[in-house]
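Peer 1:
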């Protein structure tokens, strides 16, 4: 069953985009970098694509 996106998922994506790196976004969200990375992968899987590029953190 696919994950349902919630407001907290939008907060994760927007905070990561705003701060530019997982390293900065993770503590701001109260998460480890590993947990944030895993959550973003689940969000991207649900959306059907990548939200961010690998070399530069930007909207794709």
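In this note's numbering, the protein residues as written are 26 to 85. The beta-carbon is built from N, C-alpha and C at its ideal position, and this holds for glycine as well.
#1: Under 8 angstroms, do residue 50 and residue 61 count as touching if we go by C-beta distance?
#2: Whole angstroms are fine: how far does the CA of residue 67 sit from the CA of residue 56?
#3: Figure out for me which residue from 30, 32, 29 and 53 has the closest Cα to the Cα of residue 40.
#4: Give every residue of the same chain whose Cβ lies closer than 7 angstroms to the Cβ of residue 71, excluding the five residues on either side of it in the sequence, and list them in chain order.
#5: Considering residue 71, what are the terminal residues of the alpha helix (DSSP H) in which it resides?
#6: Could you work out which residue in 75, 74, 65 and 47 is closest to residue 33 when comparing CA atoms only?
Peer 2: Reading off the structure:
#1: Within the chain shown, numbered from 1, the residue matching residue 50 stands at position 25. Within the chain shown, numbered from 1, the residue matching residue 61 stands at position 36. Note that the C-beta distance between residue 50 and residue 61 is below 8 angstroms.
#2: To locate residue 56, count along the chain shown from 1; it is residue 31. To locate residue 67, count along the chain shown from 1; it is residue 42. Rounded to whole angstroms, residue 56 to residue 67 spans 15 angstroms at the Cα level.
#3: By 1-based counting over the chain shown, the position of residue 40 is 15. Residue 53 is the option with its Cα nearest to residue 40.
#4: Taking the first residue of the chain shown as 1, we reach residue 71 at position 46. Excluding sequence neighbours, residue 71 sits near 27, 28 and 30.
#5: Reading the chain shown from its first residue, position 46 is the one you call residue 71. Counting along the chain, residue 71 sits inside the alpha helix (DSSP H) bounded by residues 58-72.
#6: Translated into the one-based positions of the chain shown, residue 33 becomes position 8. Checking every option, the nearest Cα to that of residue 33 belongs to 65.
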